[in-house]
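Chains as they are written, first to last, in my numbering: chain D, 3 to 353; chain Z, 37 to 643.
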């Protein structure tokens, strides 16, 4: 870890967003992770995304579980709300927080151990329920904090640092999230911020369960030949299906993307998400097609990245439950205790 | 854009902005670190080797290093008033606290003379530098000056309230103690006679001794109360002039004018004003010297062109001026045009004319074998300082017209090298390369042998002696210098620009850790392109074209690493966060090669 504080000085021409903040205002403490950790790059992408979206830091709640990845919320958005939960239990705490205050922007940060091993059940259910959140899984395929054992997302046949070969099948969190009903599913790579940052922005904007699996090499324990989660392997096998390089808005987009072709996914709030196609076959609004493609790529040893699925008709938990529009935490005694007369009436209706 | 060749000593030298800007290339960050460590005597010697007069320059230098200092650029948009490190004043700290036992650290007079005789004309900083560089090598150096004391303009033109006598005596003494013969009060009035004395080489460092006069009506009639600035300052310095009239006008906008007005204020001038032709901003004086004058209650009136000296009964009564304004043509060239307002007159008892200096060599005969150009300056080789007579060299203000002390020192070093090579039958034009050392500062994981923490402090002010005391006594030094505690804090502002970020592509795994941690967004991994286009698409636009881009290829993705050197803090966080050691912090120490065996190509080749 680094002992000196990151100097407060910034570039003289550093840009400010609409709120008058610079990107540096979205930083947190200096990372205590190993030098070169992919997670730090993901933190940098998150900082960039929140800065570019002009989001006030106090409007964000960061929730995480246990693990290297779950430490990272300390290293970005230092002025946001944060909650470190019990191992694998971030989804239920996030769900509760979201129910209590639907006005905040929820960011779940987790790792492959936290989400695919101890927290697999919670992971499945938070997707099923469609909690409005951005769920970032920082996926390195090893348990770094306990010195590099295979995690549940390690590919079958991949090699550990000392040479041991993984015999177990991998949990593919992207396919699982799709099956469970997540309405925004993407995969990216910590070493490609140009792809990752717009995906994070779109996920934050998405009103529903948004999941991004970010392959994030563990420099200390999983960045060697034979690993399928190393910088070199991911760079060689990365198959990006599309590029999301603009931010959706109601304004007409005048940029001409003649080469490659553009696919449009209309959203039910009236806006349209546009994606630049890299794979002509790939249609991110077709769930079954997406699942097939992901499985085919995995069979070939390719790492399929980009926005893999975006539901045109996404809904979230509050819509499922038809909850009150105002956040619960802002309701007063009057709204919460309508009086004994009303209670009697309800009781009478149940007799 | 092509890959940066860091083996070229100029590349990293340019990154050390202060050292690059210093004519004598003093390793500034090196001595600032020594000051921070309390090693004042060591810091003094680093200076002494490069610039010969640390105590003198620490008070009077023109400080080309400070406008160049990276700190000033880095503080833009970060500090209310971006300011460079107080490099000059830290130099003085080294001199102030070095202790008294410097003698043992100085070179010894040569045990054996080599039989070569060198004459230096003028005992100013250029000649003294030549003497210092050559005497320890065994040369028999004789320095002549018309004044009784050695120091030249340091003695005669710089007032004592800026530079105390003891400081001059001490630093001039170190040189004369090297076995240099000083012959004061000897005016050289014939070059031919000097040549006839059989010196092996002659160095002319006689300065720019003629103050420009102002030939306007009334000049002759009121001559008794009109003085040429530099002559008058010299006369004050040597105690010949001890007072001046109550009302004084100083004409001119350079540092000499500032010295004249401040001196006047101390020896009888009550109502002293400076009047300049140009605008206040375009004045030649250093900003801090203008500030000092204004602090002492001296008004500076601008855009006034002198028209006449007014006089009655052979006595000066005042001056008249024409008001002008600056007009710029298409090419940005300025001309001063009368505004048409009525002439302004100012009453006064004395006028000091400080409107420029000129070179003058009345003592060099036309047939002495030395060519002069149309402006009366000697025809010289710019690098070797050799004149058309092969064993006669010029330096300081005598060479290319008025500059400053630090340039004179740089000339002195160059001339000494030329003389040493000439008398060893070498090619003068083959100049010695500097000695360069690049050494990793890594001590352990996240441990460096330099202090990489960046201080956020704004520049510290040097304390002044009470103005009531300084205005009464022409010898009372105005600036008091930093105390040890403030010096330490000011030293912390230095960014250690000589500790270079060195990148090894073959170790890089392109994890972006350096890009993410860099507080100044200096580092980018991008596709290569033309430099102008590349500068626009880095993580932060590289708009300062005077600062280089450091480019390395050989990365697995085919991209290139580009680092904009402009506002790098040299904090080493890129190297701390690098998992593979592709970034390293390496101290770049460049020292100029002085006269002596090291500067001679044949001996270097043999080694």
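Ideal Cβ positions, reconstructed from N, Cα and C, are used throughout, including at glycine.
Inset, instruction - Kindly indicate which three-state DSSP category residue 1 of chain D falls into: helix, strand or coil? - result: Past the edges of chain D, shown from 3 to 353, lies residue 1 of chain D, and the structure says nothing about it.
Inset, instruction - Measure the alpha-carbon distance for residue 164 of chain Z versus residue 299 of chain Z and round it to whole angstroms. - result: Taking the straight line joining both Cα atoms gives about 27 Å.
Inset, instruction - Assign residue 40 of chain D to buried or exposed, taking buried as 16 or more other Cβ atoms, counted over all protein chains shown, within 10 Å of its Cβ. - result: Residue 40 of chain D comes out buried.
Legend entry - Buried versus exposed call for residue 400 of chain Z [16 or more other C-beta atoms within 10 Å across all chains shown]: Around the beta carbon of residue 400 of chain Z, 16 or more other beta carbons sit within 10 angstroms, so the residue counts as buried.
Inset, instruction - Provide the residue span of the alpha helix (DSSP H) that contains residue 453 of chain Z, from first to last. - result: Secondary structure note for residue 453 of chain Z: its alpha helix (DSSP H) is the uninterrupted segment 441-458.
Legend entry - C-alpha gap between residue 45 of chain Z and residue 621 of chain Z, whole angstroms: Going by the C-alpha atoms only, they are around 17 Å apart.
Inset, instruction - Quick one: residues in its chain with C-beta nearer than 6 Å to the C-beta of residue 143 of chain D, no 5 flanking neighbours on either side, listed in chain order? - result: So the list reads 153, 155, 156, 224, 231, once near-sequence residues are dropped.
Inset, instruction - Using 10 angstroms around the beta-carbon of residue 266 of chain D, count the other beta-carbons present and answer buried if the total reaches 16, otherwise exposed. - result: Per the 10 Å Cβ criterion, exposed.
Legend entry - C-beta neighbour in chain Z for residue 129 of chain D, strict 8 Å: Judged by the 8 Å Cβ criterion, residue 129 of chain D is not in contact with chain Z.
Inset, instruction - Please report the residue range of the beta strand (DSSP E) in which residue 311 of chain D lies. - result: Unbroken beta strand (DSSP E) run through residue 311 of chain D: 305-312.
Legend entry - Whole-angstrom distance between residue 159 of chain Z and residue 612 of chain Z, CA atom to CA atom: Note on geometry: alpha-carbon atoms of residue 612 of chain Z and residue 159 of chain Z lie some 51 Å from one another.
Inset, instruction - Would you verify that the beta carbon of residue 258 of chain D is, or is not, closer than 8 Å to some beta carbon of chain Z? - result: Unreliable positioning characterises residue 258 of chain D in this predicted model, as indicated by a pLDDT of 43, which lies under 50. The coordinate reading is nonetheless provided below. Cβ-Cβ to chain Z under 8 Å: no for residue 258 of chain D.
Inset, instruction - Could you tell me the boundaries of the alpha helix (DSSP H) in which residue 284 of chain D lies? - result: Segment: none, residue 284 of chain D is in no alpha helix (DSSP H) and carries neither H nor E.
Inset, instruction - May I have the straight-line CA-CA distance separating residue 106 of chain Z from residue 580 of chain Z, to the nearest angstrom? - result: Rounded to whole angstroms, residue 106 of chain Z to residue 580 of chain Z spans 12 Å at the Cα level.
Legend entry - chain Z residues whose Cβ lies nearer than 9 Å to that of residue 43 of chain D: Neighbours of residue 43 of chain D in chain Z, taken as residues whose beta carbon is under 9 Å from its own, are 547, 548, 549, 551, 552 in chain order.
Legend entry - Alpha carbon of residue 358 of chain Z to alpha carbon of residue 411 of chain Z, nearest angstrom: The straight-line gap from Cα to Cα measures roughly 29 Å.
Legend entry - Contact between the region 67-77 of chain Z and the region 120-139 of chain Z (3+ Cβ pairs under 8 Å): Pairwise C-beta distances place the region 67-77 of chain Z in contact with the region 120-139 of chain Z, as three or more of them are shorter than 8 Å.
Inset, instruction - Report yes or no: is there a C-beta of chain D within less than 8 Å of the C-beta of residue 630 of chain Z? - result: It does not; no Cβ of chain D falls within 8 Å.
Legend entry - Proximal residues to residue 345 of chain D (C-beta, below 8 Å), its chain only, five neighbours per side dropped: Excluding residues within five positions, none has a Cβ falling inside 8 Å.
Inset, instruction - Identify whether residue 351 of chain D lies in helix, strand or coil by the three-state DSSP scheme. - result: Helix, per DSSP.
Inset, instruction - Can you pull the chain D residues whose beta carbon is under 9 Å from the beta carbon of residue 336 of chain Z, in chain order? - result: Among the residues of chain D, none has a CB under 9 Å from the CB of residue 336 of chain Z; the nearest is roughly 31 Å distant.
Inset, instruction - Indicate, with yes or no, if the ligand MG has a heavy atom lying under 7 Å from the CB of residue 239 of chain Z. - result: Inclusion of the ligand MG in the displayed structure is not the case, the ligand content being empty and no account of it being possible.
Legend entry - Own chain, CB closer than 7 Å to residue 248 of chain Z, minus 5 neighbours either side, in chain order: Contacts found: 391, 392, 393, 394.
Legend entry - Contact with chain Z by residue 27 of chain D, beta-carbon distance below 8 Å: False, the Cβ-Cβ gap to chain Z never drops below 8 Å.
Inset, instruction - Just mark residue 206 of chain D as buried or exposed, buried being the case when its beta carbon has 16 or more other beta carbons within 10 Å. - result: Counting Cβ neighbours within 10 Å, residue 206 of chain D comes out buried, since at least 16 surround it.
Legend entry - Three-state secondary structure (DSSP) of residue 482 of chain Z: Reduced to three states, the DSSP call for residue 482 of chain Z is coil.
Inset, instruction - Would you mind stating whether residue 203 of chain D and residue 305 of chain D have Cβ atoms separated by less than 8 Å? - result: Their beta carbons are not under 8 Å apart, which means residue 203 of chain D does not touch residue 305 of chain D by this criterion.
Legend entry - Within 8 Å, strictly: CB atoms of residue 96 of chain Z and residue 441 of chain Z: Pairing residue 96 of chain Z with residue 441 of chain Z gives a Cβ-Cβ distance under 8 Å.
Inset, instruction - Could you name the residues that DSSP lists as bridge partners for residue 156 of chain Z? - result: The secondary-structure analysis by DSSP pairs residue 156 of chain Z across a beta bridge with Z:179, Z:239.
Legend entry - Residues from the region 564-591 of chain Z in contact with chain D, defined by Cβ distance under 8 Å: Cβ contacts with chain D: 576, 577, 579.
Inset, instruction - Report yes if the CB atom of residue 195 of chain D is closer than 8 Å to the CB atom of residue 47 of chain D, and no otherwise. - result: Yes.
Inset, instruction - Taking 8 Å as the threshold, find out whether the region 213-223 of chain Z comes into contact with the region 141-157 of chain Z through three or more Cβ pairs. - result: The region 213-223 of chain Z, when compared against the region 141-157 of chain Z, does touch it at the 8 Å Cβ threshold.
Legend entry - Counterpart residues of residue 89 of chain Z in DSSP-defined beta bridges: Checking the DSSP bridge columns, you'll see residue 89 of chain Z has no partner listed.
Inset, instruction - Could you spell out the range, first to last residue, of the alpha helix (DSSP H) harbouring residue 49 of chain Z? - result: According to the DSSP assignment, residue 49 of chain Z belongs to the alpha helix (DSSP H) that extends over 45-51.
Legend entry - Given 8 Å, three or more beta-carbon pairs between the region 451-458 of chain Z and the region 477-488 of chain Z: No, because fewer than three Cβ pairs between the region 451-458 of chain Z and the region 477-488 of chain Z fall closer than 8 Å, the two stretches do not touch.
Inset, instruction - Report yes or no: do three or more beta-carbon pairs, one from the region 572-579 of chain Z and one from the region 598-605 of chain Z, lie closer than 8 Å? - result: Counting C-beta pairs with one atom in each stretch, the region 572-579 of chain Z and the region 598-605 of chain Z have three or more that are closer than 8 Å, which means they touch.
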